[in-house]
């Protein structure tokens with residue numbers, strides 16, 4: 012894709028000369044992979060209010076106690092503004108790191124605050140972990156499909172992603188063994204397994220408990236680190252909390268957590284829990300990335316955890332998301348044409364849908380947006396071109412009513428698409444290089 | 012240095028087993044360069060209240076109107092919390108990007124908000140610029156000495172730094188030509204010149220106006236991009252504002268700005284202004300780094316710029332820093348032993364001191380801390396081992412009284428050190444690999 016296809020800056024705005032990139036020859040090799048997709052253009056349209064977006068991963072913050080939070084933040088700035096507005100350490104605010112250990116204790120993780128580093132969202136944790144471990148050409152194993160933002164970080168460090176198949180019970184140990192065997196046989200160097208065991212993004216599935224020990228054992232046996240990403244772990248719809256991999260293995264698991272889904276995404280406060288020596292490397296890496304995470308934001312989270320019923324708030328989020336999940340599942344049952352399948356997530360934000368053969372979800376997206384519904388095409392969640400018959404539907408942000416309307420529109424689009432396919436055969440589309448989805452959580 | 016020398020985690024805390032890094036063989040090549048320095052250990056001591064720290068680059072926030080700021084932030088969260096606490100775009104909040112153009116207009120820069128990307132401090136801007144431009148082995152030209160945080164980013168991407176000499180008028184064009192010639196002759200690939208033209212960190216000098224056009228011309232002629240870092244540009248003590256390089260060349264300069272020194276460092280709001288196509292790459296890179304900068308922080312800065320007399324606040328900062336600069340210069344005049352030289356900064360945070368031959372500022376630092384004064388040894392600001400006779404003294408954070416006391420203690424330390432050198436010859440020290448200074452702005 013050349014730059015002419017960027018939607019945010021029509022050519023007439025800057026004049027044609029500016030669309031020629033005079034700096035093209037100077038970019039690093041990794042930058043060649045950074046190409047805005049055509050899908051990105053669609054999302055500008057998809058964000059219009061008349062479109063029901065089932066595409067983004069934005070949490071619904073309507074339930075947050077904004078007034079009391081405003082009061083707490085005001086008193087924080089008035090009383091401790093000199094500290095809150097000043098640089099901090101790259102390691103993070105000590106009090107918050109202690110509280111993060113309390114949060115993780117809810118999941119059965121026993122950890123020392125010193126082994127926690129606060130990050131600018133868990134995206135930064137992903138980026139730092141990849142930074143310290145991955146040379147160009149190193150292999151990262153990741154579920155297929157996997158989180159778009161993780162794939163973006165791996166790509167930024169020129170790591171090769173090898174997908175490992177999932178089923179309804181999550182990552183398949185046998186597929187993991189096979190992937191390790193294949194990569195090793197061709198001389199590839201595997202740095203870590205990246206996994207989202209709970210309420211997977213985008214897959215919506217959860218790794219079965221008996222598989223967890225097996226996955227850990229396979230990785231330990233082959234000297235492969237496990238990077239566990241667990242942003243949704245406390246959002247099980249029945250209040251169930253599955254034991255994170257980190258609770259089963261403290262030495263070979265790097266754990267990523269986040270307040271984006273349990274409190275407020277716009278604060279960008281996440282964390283990484285790592286074995287001591289790894290955490291030290293992470294702090295040094297983080298200094299070169301942002302110097303330190305924003306002090307104010309850390310203190311806001313710390314204060315929120317101290318002054319608010321944060322467990323009650325998580326329960327409220329869980330119930331709200333369960334209601335939306337239910338709305339989506341019943342609408343899918345009611346409206347989706349024959350041949351579509353999907354899973355039933357018991358937590359998190361997403362349903363993963365497979366459409367009938369012949370339909371290409373990426374090719375169909377413009378027509379869906381014309382019908383005023385948006386989704387994330389499955390291809391963005393794979394690095395190997397798979398996913399054209401899949402789509403991710405998010406139930407986190409729209410109201411149940413909007414979700415039902417969105418699914419109805421999507422079902423109509425699919426029905427029409429199937430007619431097109433029956434009449435004309437499968438619909439070709441232009442190949443688009445680069446990531447196939449927009450900014451992973453924000454669109 | 013092995014991990015046993017980390018000051019923050021004494022061995023007894025974790026038990027000896029945890030100090031052996033089981034993950035050592037897995038790190039990326041770049042991680043080998045990430046080693047905590049012994050100097051870092053000292054800074055834990057240097058942060059004790061009885062020690063006058065002339066080492067850090069923390070702005071003095073005492074003058075900020077915390078009460079009215081607290082009120083504004085509270086009303087922001089109460090009225091617009093759903094937006095402020097939600098994900099945003101990696102590009103940044105549009106209103107703030109417009110206001111950033113107004114701020115840059117004060118320096119004579121004419122820019123379009125679309126060409127601005129908001130970052131998590133300008134450290135992240137540095138990191139993103141290096142990410143999109145530098146392959147391992149690429150050369151970055153930088154003043155000698157240069158900003159520690161920039162050197163850290165360049166090192167993280169395995170770029171080689173070639174220093175270019177400065178004098179009291181800043182970067183020397185002749186030295187720049189020579190460096191380019193040398194690197195080119197050995198087949199090196201120069202990606203950009205990194206420069207801090209105004210009130211240099213750590214050098215304290217400003218690039219003469221007649222040199223700016225010349226530096227730009229040399230770079231344009233050799234196809235070298237210019238990365239201009241200008242955090243102190245509005246902190247000229249007489250209210251003077253020197254024209255940034257970007258105001259003279261919009262096509263070949265990437266400009267980095269920050270609210271850390273003119274408002275509040277702990278919010279971590281900086282920005283990069285880049286030619287359009289480069290800015291697009293930067294946004295894609297930033298998505299993989301942090302998804303988006305914190306929305307709340309951007310809205311706080313935006314509201315502050317709207318509701319507060321931010322120009323008056325900058326004037327207050329300027330006057331405060333001028334008073335501190337004066338306190339430091341007069342104390343240096345009064346106390347420093349013969350053979351020490353320093354410059355007279357007319358803006359910014361730093362004085363650059365050269366000590367008599369035979370004295371090694373890095374070796375002396377533990378003895379200075381014993382005398383209850385800390386500084387940043389010059390070696391941290393070079394990648395080539397230079398700087399052992401230099402030190403950076405910061406006048407930004409301590410009060411004038413503390414500055415005078417600190418300089419008095421430093422002078423005593425130097426005098427005793429000179430006696431030691433006279434008696435025993437120069438004092439050897441152990442070689443310490445890796446960055447020689449702690450977290451660049453926070454210690």
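Chains as they are written, first to last, in the working numbering: chain A, 12 to 454; chain B, 12 to 454.
Glycine is no exception: its CB is placed at the ideal position from the N, C-alpha and C atoms.
- When the five nearest sequence neighbours on each side are left out, the beta carbons in the same chain lying within less than 7 Å of the beta carbon of residue 262 (chain A) are those of 286, in order along the chain.
- Counting of Cβ neighbours within 10 angstroms places residue 42 (chain A) among the buried residues, the total reaching 16 or more.
- When the alpha-carbon of residue 300 (chain B) is set against those of A:379, A:97, A:163, the nearest one is in A:163.
- Interface annotation, residue 88 (chain A): in contact with chain B, CB-CB separation under 8 Å.
- For the segment 286-345 of chain A, not one full-length beta strand (DSSP E) segment reaches 3 residues or more.
- Among the residues of the segment 89-115 of chain A, those with a Cβ less than 7 Å away from any Cβ of chain B are 89, 92, 93, 95, 96, 97, 98, 99, 100, 101, in the order of the chain.
- Counting along the chain, no beta strand (DSSP E) covers residue 100 (chain B), and no H or E run does either.
- Collapsing the DSSP output to three states places residue 201 (chain A) in a strand.
- Within chain A, no residue has its beta carbon less than 8 Å from that of residue 171 (chain B); the closest one is some 14 Å off.
- Among the CB atoms of chain A, one or more fall inside 8 Å of the CB of residue 305 (chain B).
- Of the candidates A:374, A:324, A:239, the residue whose Cα lies closest to the Cα of residue 151 (chain A) is A:239.
- If the five residues before and after residue 191 (chain A) are omitted, its C-beta is found closer than 6 Å to the C-beta atoms of 233, all from its own chain and listed in chain order.
- The bridge partners DSSP lists for residue 283 (chain B) are B:128, B:267.
- Secondary structure of residue 195 (chain B) (DSSP, three-state): helix.
- With respect to the 8 Å criterion, residue 255 (chain A) and residue 111 (chain A) are not classified as neighbours on the basis of their beta carbons.
- With fewer than 16 neighbouring CB atoms inside 10 Å of its own CB, residue 322 (chain A) falls in the exposed class.
- Shortest Cα-Cα distance from residue 275 (chain B) to any of A:98, A:72, A:141 involves A:98.
- In this structure the segment 199-206 of chain B lies against the segment 137-157 of chain B, because at least three pairs of beta carbons, one per stretch, are closer than 8 Å.
- In summary, the residues of the segment 29-40 of chain B whose CB is separated from some CB of chain A by less than 9 Å are 29, 30, 31, 32, 33, 34, 35, 36, 37, 38, 39, 40, in the order they occur in the chain.
- Excluding its 5 nearest sequence neighbours in each direction, residue 417 (chain B) has C-beta neighbours in its own chain below 6 Å: 63, 65, 384, listed in chain order.
- Between the C-alpha atoms of residue 242 (chain B) and residue 114 (chain B) there is a straight-line separation of about 12 Å.
- Within the segment 373-445 of chain A, complete alpha helix (DSSP H) segments of at least 4 residues are found at 411-435, given in chain order.
- DSSP lists A:182 as the bridge partner or partners of residue 177 (chain A).
- Along the segment 143-155 of chain B, going in chain order, the ones with a CB nearer than 9 Å to a CB of chain A are 143, 144, 145, 146, 147, 149.
- Using a Cβ-Cβ cut-off of 8 Å, residue 257 (chain A) does not count as an interface residue toward chain B, since no Cβ of chain B sits closer than that to its own.
- In the three-state scheme derived from DSSP, where H, G and I count as helix and E and B as strand, residue 61 (chain B) is classed as coil.
- Near chain A, meaning a CB-to-CB distance below 7 Å, the residues of the segment 270-303 of chain B are 275, 276, 277, 278, 279, 286, 287, 288, 289, 291, 292, 295, 296, 298, 299, 300, 301, 302, 303.
- Within chain B, the residues placing a beta-carbon under 8 Å from that of residue 308 (chain A) are 305, 307, 308, ordered along the chain.
- Under the 8 Å criterion on CB atoms, residue 128 (chain A) is classed as non-interfacial with respect to chain B.
- Cβ-Cβ distances below 8 Å link residue 354 (chain A) to 179, 214, 215, 216, 362, 363 in the same chain, with the five nearest sequence neighbours on each side left out; the list follows chain order.
- Scanning chain B for C-beta atoms nearer than 7 Å to the C-beta of residue 322 (chain A) yields nothing, as the closest lies near 19 Å away.
- By the CB criterion at 8 Å, residue 212 (chain B) and residue 253 (chain B) fall outside the cutoff.
- Between the alpha carbons of residue 390 (chain B) and residue 171 (chain B) lies a gap of roughly 16 Å.
- Flagged as an interface residue toward chain B: residue 85 (chain A), by a C-beta distance shorter than 8 Å.
- Rounded to the nearest angstrom, the Cβ distance from residue 358 (chain B) to residue 248 (chain B) is 5 Å, consistent with a contact under 8 Å.
- When DSSP states are grouped into helix, strand and coil, residue 82 (chain A) belongs to the helix group.
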